[in-house]
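Mapping the sequence shown onto our numbering, position 47 (from 1) lands on 335, and the numbers just tick up by one.
Here a beta-carbon is modelled for each residue, glycine too, at the ideal position from N, C-alpha and C.
Here the structure comes first, spelled out in structure tokens, and everything after it is commentary.
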Amino acid sequence: MTEASPRVYLDHAATTPMLPEAVEAMTAHLGRVGNPSSLHASGRDARRVVEESRERIAHAMGCRPGEVVFTSGGTEADNLAVKGVHWARTTADADRTRILSTSIEHHAVLDPLHWLSERGASVELLPVDDAGRLDLVALEDRIEVDPASVSLLSVMWANNEVGTLQPVEAVVALARRHGIPVHTDAVQAVGATAVDFAASGVDALTMTGHKVGGPFGVGALLARRELQLTPLVHGGGQERDVRSGTIDAPAIAGFAAAVEISVKEREHRASHLAELRDDLVRRVLAEVPDVQLSGEGASLLPGHAHLRFPVVKGIRC
Ligand SMILES: Cc1ncc(COP(=O)(O)O)c(C=O)c1O
Numbered sequence: 289m290t291e292a293s294p295r296v297y298l299d300h301a302a303t304t305p306m307l308p309e310a311v312e313a314m315t316a317h318l319g320r321v322g323n324p325s326s327l328h329a330s331g332r333d334a335r336r337v338v339e340e341s342r343e344r345i346a347h348a349m350g351c352r353p354g355e356v357v358f359t360s361g362g363t364e365a366d367n368l369a370v371k372g373v374h375w376a377r378t379t380a381d382a383d384r385t386r387i388l389s390t391s392i393e394h395h396a397v398l399d400p401l402h403w404l405s406e407r408g409a410s411v412e413l414l415p416v417d418d419a420g421r422l423d424l425v426a427l428e429d430r431i432e433v434d435p436a437s438v439s440l441l442s443v444m445w446a447n448n449e450v451g452t453l454q455p456v457e458a459v460v461a462l463a464r465r466h467g468i469p470v471h472t473d474a475v476q477a478v479g480a481t482a483v484d485f486a487a488s489g490v491d492a493l494t495m496t497g498h499k500v501g502g503p504f505g506v507g508a509l510l511a512r513r514e515l516q517l518t519p520l521v522h523g524g525g526q527e528r529d530v531r532s533g534t535i536d537a538p539a540i541a542g543f544a545a546a547v548e549i550s551v552k553e554r555e556h557r558a559s560h561l562a563e564l565r566d567d568l569v570r571r572v573l574a575e576v577p578d579v580q581l582s583g584e585g586a587s588l589l590p591g592h593a594h595l596r597f598p599v600v601k602g603i604r605c
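Now the structure itself:
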């Protein structure tokens, strides 16, 4: 790249530029003092910002405000879902030792699963087909082996690398037969495809600010009120005692603005993005020899293009 050439940022799967509305919402609160847990006027003002943001996120995501648990981002929300549900379910019944997930999860799910497997959990990572779709027959087989021993099923809504949408509805239908809770990592899906928490039937859903035009360091686990979650972080009892720690009101205000806008503008943005992505893929395939396109035949997120260049080593992001 020469000095004069403008930089074009395409890596929105890694992080997105902050939307001006999110910057505005966040900065409006950065200069104000008040801990949302304090009972005096400054604390109550900060609390109002948090609760209004919670309502806005709930409205955009099809859940109840009380189901939004703010976290420091997607990694923490995934850890809370995987460890928190598994611990709560094994505490209630020690025979629930198995966790079913997929081989294509983000490391924010895979690594806690691995960590749990070193501490007694039996983790089974189910395969995907050539387009990156979960093998539902394999999933059903593994559930049916011994449904009562499964503590949790965790299947991402959409893959971060290829962009493949997973059959979340079918996963929920299989899990429901046996009362197994389902967690989905929807970090890449929110704002890119239709995601409605209540309609999906999942019990827990991970989302994060910086993938939807919001700030870094803030996200949420949407968790049904009935879902038992053992906290990972203990302290002041914030976030219904599931996630202690002083609540970051400015970041949450920016997060809520970004979620609201990205969900509202999703359809319009998605069709534009898909056109640009298809054009890019067409041109690369036409001009670069031996390129392989992933995800063919599957439903993909609109902004994802996964191309393999046989002589180039990949990087993990
Ligand atoms: C699918 C998926 N899950 C989880 C994460 C982690 O989210 P965060 O960066 O907010 O911790 C990412 C980020 O790359 C992701 O793509």
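For I540, the uninterrupted alpha helix (DSSP H) segment begins and ends at 537-552. Relative to ligand 1, the nearest heavy atom lies less than 7 Å away from the CB of A396. Judged by the Cβ position, M444 qualifies as a neighbour of ligand 1 at the 7 Å threshold, a heavy atom of the ligand being closer than this. For V478 against V547, the beta-carbon gap comes to about 7 Å, under 8 Å, which counts as contact. Distance from the Cα of P415 is smallest, within the candidate group V443, E449, G542, V521, for V443. G507 is a Cβ neighbour of G361, given a cutoff of 8 Å. Within the same chain, Cβ atoms closer than 6 Å to the Cβ of V338 are found at P324, I535, A537, I540, the five residues on either side in sequence being excluded. Judged by DSSP in its simplified three-state form, I468 adopts coil rather than helix or strand.
Pairing A482 with H592, the inter-Cα distance amounts to about 16 Å.
According to DSSP, residue pairing for E412 in a beta bridge involves L388. Only residues of its own chain outside the window of five on either side were considered, and among them D383, R384, T385, R386 have a CB closer than 7 Å to the CB of S437, listed in chain order. DSSP lists T359, T496 as the bridge partner or partners of G507. Around the beta carbon of E514, fewer than 16 other beta carbons lie within 10 angstroms, which makes this residue exposed. Look at the beta carbons and you see the stretch 342-352 not touching the stretch 579-589: under three pairs across the two are nearer than 8 Å. Between the alpha carbons of S559 and S330 lies a gap of roughly 43 Å.
Taken through DSSP and simplified to helix, strand or coil, R335 comes out as helix.
C-alpha of V370 to C-alpha of I345: approximately 22 Å in a straight line. Assigned with DSSP and collapsed to three states, D473 falls in strand.
Inclusion of V475 in the 7 Å shell around ligand 1 follows from its C-beta lying nearer than that to a non-hydrogen atom of the ligand. The shortest C-alpha to C-alpha distance from V459 to any of V450, G451, D429 is the one to D429. At a threshold of 7 Å, D536 does not count as near ligand 1, since its beta carbon sits no closer than that to any of the ligand's heavy atoms. Note: R596 is bridge-paired with Q580 in the DSSP secondary-structure output. Exclusion of the five residues before and after F543 leaves G497, G502, V506 as the residues of its chain whose Cβ lies within less than 6 Å of its Cβ.
Cβ neighbours of E449 within its own chain (closer than 7 Å, five residues either side excluded): H594.
R531 places its beta carbon less than 8 Å from that of F358. Residue ranges of uninterrupted alpha helix (DSSP H) with 4 or more members, entirely inside the stretch 290-353 and ordered along the chain, are 308-318, 329-349.
Taken atom to atom, the span from the alpha-carbon of N447 to that of A380 is near 32 Å.
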